[in-house]
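All remarks here apply to the structure that follows.
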Amino acid sequence: MFATASGAITHLGSSSLLVPLSALYATALWRHHSAPLALRWLLALSLCLGVMVVLKLVGHGCGLPDFPLFPSLFAGDRFVSPSGHAAFAAVFYGSVAALAARDARSVWLRIGLPLAAVALVLAIGASRVAVSAHSGAEVVAGLLIGSLSVLLFLWTSRKDGAPRLRISPWLLGALALGLALLVHAGDPSFVEGTIRRVAYHFGSGAGLCELAGRVFPGARG
123 MFATASGAIT HLGSSSLLVP LSALYATALW RHHSAPLALR WLLALSLCLG VMVVLKLVGH
183 GCGLPDFPLF PSLFAGDRFV SPSGHAAFAA VFYGSVAALA ARDARSVWLR IGLPLAAVAL
243 VLAIGASRVA VSAHSGAEVV AGLLIGSLSV LLFLWTSRKD GAPRLRISPW LLGALALGLA
303 LLVHAGDPSF VEGTIRRVAY HFGSGAGLCE LAGRVFPGAR G
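Numbering (the numbering used here) for the sequence shown: 123 to 343.
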């Protein structure tokens, strides 16, 4: 039962679910609010995912230095591939909740929506450790990158009003169905495997490891 619950929660951070949701959210912002706000959201999302891809390429191809934060807490933890689920979940759910709370009429919603997003993102991060997909250090790294991307989005959109978007029951139904299919059939995402193959192929041949050695002096080649 715990494994099933962890699997369901972890899929909430899957790119198979969050990529289409992000596209829908950007489209909704564009159509119902403003193009600049949608572009700022896409910029923060692209920056987050771009940083994650670079770190994963270097980590799988050459190795990363030990996680620099909280060394006593994460001593001995594997640190090869920061958690994309944690980063994607943080930037998506965090941005959506914070923007929705900005113009909420109820003080409880202004407080409750961000807190609910934080709880969900932390649960997704914890599930990545529970299913043995990542170490604690890799999850924390992903959470930090996603959270910084949220702060970037909120800062760049600080003068924009919050969009008044209506959540369609059909959208909620599609989300529930998609999650159920992910839990039943497994995550079909090929992103991590593709990054690993590219990293192994180009790690030394394209000079990636030499570059990583200059950027990350402690990188393991």
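The C-beta atom is built at its ideal place from N, Cα and C for all residues, glycine as well.
Remember, predicted model here, so these are calculated numbers, not experimental data.
Exercise. How close, in whole Å, do the beta carbons of Arg232 and Ala226 come, if the pair is a contact with beta carbons under 8 Å?
Worked result: Under the criterion of beta carbons closer than 8 Å, Arg232 and Ala226 qualify as touching, at roughly 5 Å.
Exercise. Roughly how many angstroms separate the alpha carbons of Leu134 and Phe214, rounded to a whole number?
Worked result: 11 Å
Exercise. Just how far apart, CA to CA, sit His306 and Lys281?
Worked result: In this prediction, His306 has a pLDDT of 48, which is less than 50 and means its spatial position is unreliable; what the coordinates show is noted afterwards. Near 43 Å, if we compare the C-alpha coordinates of Lys281 and His306.
Exercise. Along the chain, where does the alpha helix (DSSP H) that runs through Lys281 open and close?
Worked result: Counting along the chain, Lys281 falls outside any alpha helix (DSSP H), and DSSP gives it neither H nor E.
Problem set entry | Three-state secondary structure (DSSP) of Gly340 | Only weak support is given to the placement of Gly340: the predicted model assigns it a pLDDT of 46, under 50, and the question is left unresolved by the model.
Exercise. Should the stretch 258-274 be called in touch with the stretch 200-218, which here means at least 3 C-beta pairs below 8 Å?
Worked result: The stretch 258-274 makes contact with the stretch 200-218: 3 or more CB pairs, one atom from each, lie closer than 8 Å.
Problem set entry | Reduced DSSP category for Ala197 - H, G, I as helix; E, B as strand; rest coil | coil
For this session: Determine, using beta carbons only, whether Ala166 and Ser217 come nearer to each other than 8 Å.
Result: yes
Problem set entry | Same chain only: Cβ atoms within 8 Å of Leu169, ignoring 5 sequence neighbours per side | Ser271 and Leu274
For this session: Measure from the alpha carbon of Ile317 to the alpha carbon of each residue in Gly172, Arg162 and Ser269, then state which is nearest.
Result: Gly172
Problem set entry | Alpha-carbon spacing of Gly340 relative to Ala321, whole angstroms | For Gly340, the predicted model reports a pLDDT of 46, less than 50, meaning its position is unreliable and no value from the coordinates is stated.
Exercise. Can you tell me whether Arg319 is buried or exposed, with buried defined as 16 or more other CB within 10 angstroms of its CB?
Worked result: Exposed, because fewer than 16 other Cβ atoms sit within 10 Å of the Cβ of Arg319.
Exercise. Below 8 Å between beta carbons: does that hold for Ala259 and Phe196?
Worked result: yes
Problem set entry | Reduced DSSP secondary structure (H/G/I, E/B, other) of Ala226 | coil
Problem set entry | Collapsed DSSP secondary structure at Gly135 in the structure displayed | coil
Exercise. Which residues in the same chain have their Cβ closer than 7 Å to the Cβ of Ser144, if we skip the five residues on either side of it in sequence?
Worked result: Around Ser144, the same chain offers Leu167 and Phe214 as residues with beta carbons nearer than 7 Å, after the five sequence neighbours per side are excluded.
Exercise. Cα-Cα, which of Glu314, His207, Val175 and Phe201 is closest to Ala245?
Worked result: His207
For this session: Assign His207 to one of three DSSP states: helix, strand, or coil.
Result: helix
For this session: Just tell me which of His154, Leu164 and Arg153 has its CA closest to the CA of Val141.
Result: Leu164
Exercise. Under a three-way DSSP split, which group does Leu186 fall into?
Worked result: coil
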